[in-house]
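In my numbering, the protein residues as written are -9 to 89. First up is the structure itself, then whatever we jot down about it.
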Amino acid sequence: MGNVKIDGRKVDEALAAAKSIEASIKSTAKTCESLLSFVRSANWSGNSRDSFLSYLEIILPYHKEMIDAVEKQTKALNNLEGYINDFQQDSSVKEVRSL
């Protein structure tokens, strides 16, 4: 097994990107919910309305699933530094290093 190297700058970049993605997906999910509500209450009928409504009803659950996924990703990146410190302080790691 090779060495694991973690570049702090790259982790910071990944965390910033993850936060941006999370905010964007949450924003688009809210927009999707607003559109869905508007279309359902609007005085609009016909195939175009039905198609657009179906589209929104399809993509909204995917947005909600993505929110869960990106929240976990952001949490993992936030906790990475603590995990690294915990690993370095682990008695097994200290024992292996002393061999």
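Glycine included, every Cβ here is placed at the ideal spot set by N, Cα and C. Predicted, not measured: the structure shown is a model, and the values here were computed from it.
Use the C-beta contact count for residue i: other C-beta atoms within 10 angstroms, 16 or more gives buried, fewer gives exposed.
i, result
"Ala8", "buried"
"Ile48", "exposed"
"Thr21", "exposed"
Answer yes or no: do residue i and residue j have a C-beta to C-beta separation smaller than 9 angstroms?
i, j, result
"Leu67", "Leu43", "no"
"Gln63", "Glu12", "yes"
"Glu103", "Val1", "Summary: the structure shown does not reach residue 103, with the chain confined to residues -9 through 89, and so no result is reported for it."
"Val86", "Phe77", "no"
"Val29", "Leu46", "yes"
Assuming residue i contacts residue j under a Cβ cut-off of 8 angstroms, what Cβ separation, rounded to an integer in Å, is found between them?
i, j, result
"Ile74", "Ile(-4)", "7 angstroms"
"Ala19", "Lys54", "6 angstroms"
Going by CA-CA distance only, name the one from the options that's closest to residue i.
i, options, result
"Val60", "Ser82, Lys84, Ser10", "Ser10"
"Met56", "Ser41, Gly(-2), Ser17, Ser24", "Ser17"
What residue range is occupied by the uninterrupted alpha helix (DSSP H) comprising residue i?
i, result
"Ala4", "-2 to 31"
"Gly36", "Looking at the DSSP string, Gly36 is not in any alpha helix (DSSP H), and its letter there is neither H nor E."
"Ser88", "Ser88 -> no alpha helix (DSSP H), and no H or E assigned at all."
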